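Protein chains in written order, with this note's numbering: chain A, 669 to 802; chain B, 14 to 179. We put the CB at the ideal spot given by N, CA and C, even for glycine. Just so we're clear, the structure is a prediction, and the values are computed from it rather than from any experiment. Before any comments, here is the structure.
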Amino acid sequence: TVGAVAVDEDGNIACATSTGGMLNKMEGRVGDTACIGCGGYADNRAGAVSPTGHGEAIMKVTLARLILFHMAQGMSPEEASDLGLATMKERVEGLGGVVTVDPQGRWAARFTSTQMAWAAAQGGTLHFGVFSGE
Amino acid sequence: MLPVLVVHGGAGQIPKERVEMASAGVRAAARAGYAVLQGGRSSMDAVVEAVTNLENNPSFNAGYGSVLNVKGEVEMDAIVMDGRTLASGAVSAVRNIANPIQLARLVMEQTSHLCLTAGGAGQFARAMGMPEVPGDSLITEYARMRWKKNLAPNANPVESQMGKMG
Numbered sequence: 669t670v671g672a673v674a675v676d677e678d679g680n681i682a683c684a685t686s687t688g689g690m691l692n693k694m695e696g697r698v699g700d701t702a703c704i705g706c707g708g709y710a711d712n713r714a715g716a717v718s719p720t721g722h723g724e725a726i727m728k729v730t731l732a733r734l735i736l737f738h739m740a741q742g743m744s745p746e747e748a749s750d751l752g753l754a755t756m757k758e759r760v761e762g763l764g765g766v767v768t769v770d771p772q773g774r775w776a777a778r779f780t781s782t783q784m785a786w787a788a789a790q791g792g793t794l795h796f797g798v799f800s801g802e
Numbered sequence: 014m015l016p017v018l019v020v021h022g023g024a025g026q027i028p029k030e031r032v033e034m035a036s037a038g039v040r041a042a043a044r045a046g047y048a049v050l051q052g053g054r055s056s057m058d059a060v061v062e063a064v065t066n067l068e069n070n071p072s073f074n075a076g077y078g079s080v081l082n083v084k085g086e087v088e089m090d091a092i093v094m095d096g097r098t099l100a101s102g103a104v105s106a107v108r109n110i111a112n113p114i115q116l117a118r119l120v121m122e123q124t125s126h127l128c129l130t131a132g133g134a135g136q137f138a139r140a141m142g143m144p145e146v147p148g149d150s151l152i153t154e155y156a157r158m159r160w161k162k163n164l165a166p167n168a169n170p171v172e173s174q175m176g177k178m179g
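Below is the structure:
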């Protein structure tokens, strides 16, 4: 799975997610990616999220919308992403990761899986990582 | 407002020999998407540019390089959403399309629906003039190797589980 979130100079927010799905999946299986609120959500009032990970687990907790709900309550992108991923791990034993932005242009790349390749560009600086803590 | 663009290339366990490819791929996609923002275009243009870049990179499980279903075929899903209007478009179980993210955007912009699936999504792609590509052209040797390995009766359960990350 791959994904992106962005805020433009007008403050408008968008997300995009695309996937080949799950290795050796059943024919016709649709995971979280195509489902609004699960594989992506964007709202100028709260932010945007693009997830990746255990698709069925992401759908059970509607991960993107869950994280944005926490952000609408005042959490930072990092806090809300960690809480959403922790909820998914605790309630349905699902692992994954997200990239998240808020309307102020604050961002997070967080994951509970072993690794997640990510990169963020802002103000002429490129941040990136693969392993936890980078 | 300081524009920002963040991308990911998927969660899971990346084999050691593919870590640098994955890292280089997300950096390239972030640069491509951010260049769109720097050019004064919209966040929607930027995320579609970044994800198109990732779909075209065989290091990732989307577009060219997608994992295979049990029959050894590619079936892809994609979604876009615009935070200004809450407009959204998605496709699921779509085949023979190089860039499903661009098809998802067309669903958002050209229909009153949120998601088109399988054959209907393919029919819509043809109606929109989106070129079809042979299914095999989206399959990499790496994806075929993982598919075969996972079919084996003695498949390593840890490696099999890694593939269960969508």
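Short of 6 Å from the beta carbon of alanine 106/B, and not among the five residues preceding or following it, lie these beta carbons of its own chain, in chain order: Glu88, Thr130, Ala131. Under the three-state reduction of DSSP output, leucine 81/B falls in the coil class, being neither helix nor strand.
When DSSP states are grouped into helix, strand and coil, glutamine 783/A belongs to the strand group. In this structure the region 701-717 of chain A touches the region 676-689 of chain A; the number of beta carbon pairs closer than 8 Å is three or more. Within the same chain, Gly78, Ser79, Val80, Leu81 come within 7 Å of alanine 156/B by CB-CB distance, once the 5 residues on both sides are set aside. At least one CB of chain A lies nearer than 9 Å to the CB of histidine 21/B. Contact annotation: in the region 773-790 of chain A, residues whose CB is within less than 9 Å of a CB in chain B are Gly773, Arg774, Trp775, Ala776, Ala777, Phe779, Thr780, Ser781, Thr782, Gln783, Met784, Ala785, Trp786, Ala787, Ala788, Ala789, Gln790. Your pair glycine 689/A and glycine 699/A checks out as a contact, with CB atoms roughly 5 Å apart and the cut at 8 Å.
Excluding five sequence positions before and after cysteine 703/A, the CB atoms of its chain that fall closer than 7 Å to its own CB belong to Met727, given in chain order. If only uninterrupted alpha helix (DSSP H) runs of at least 4 residues are considered, those enclosed by the region 25-61 of chain B are 32-51. Contact holds between the region 115-129 of chain B and the region 97-105 of chain B, because three or more Cβ pairs, one in each stretch, are under 8 Å apart. Per DSSP, the continuous alpha helix (DSSP H) segment holding phenylalanine 737/A begins and ends at 731-740. Phenylalanine 799/A counts as exposed, since fewer than 16 other C-beta atoms from the protein chains shown sit within 10 angstroms of its C-beta. The Cβ atoms of alanine 37/B and glycine 46/B lie no closer than 9 Å to each other. Sequence-distant Cβ neighbours of glutamate 62/B in its own chain, meaning closer than 7 Å and more than five residues away, are Ala45, Gly46, Val49. Separation of glycine 85/B and isoleucine 27/B (C-alpha to C-alpha, rounded to the nearest whole angstrom) is 21 Å.
For aspartate 750/A, the closest of Gln741/A, Ser718/A, Ile735/A, Asn692/A by C-alpha to C-alpha distance is Ile735/A. Residue contact with chain B for methionine 743/A: absent (no Cβ-Cβ distance below 9 Å to any residue of chain B). DSSP places proline 745/A inside the alpha helix (DSSP H), whose first and last residues are 745-760. When DSSP reads this structure, glutamine 790/A sits in a beta bridge with Thr793/A, Val17/B. Spatial neighbours of alanine 714/A in its own chain (CB-CB distance under 6 Å, excluding positions within 5 residues in sequence) are listed in chain order as Leu736, Met739, Ala740. About 40 Å separates the Cβ atoms of asparagine 680/A and valine 83/B, ruling out a contact at the 8 Å cut-off. Isoleucine 681/A is bridged by DSSP to Val675/A.
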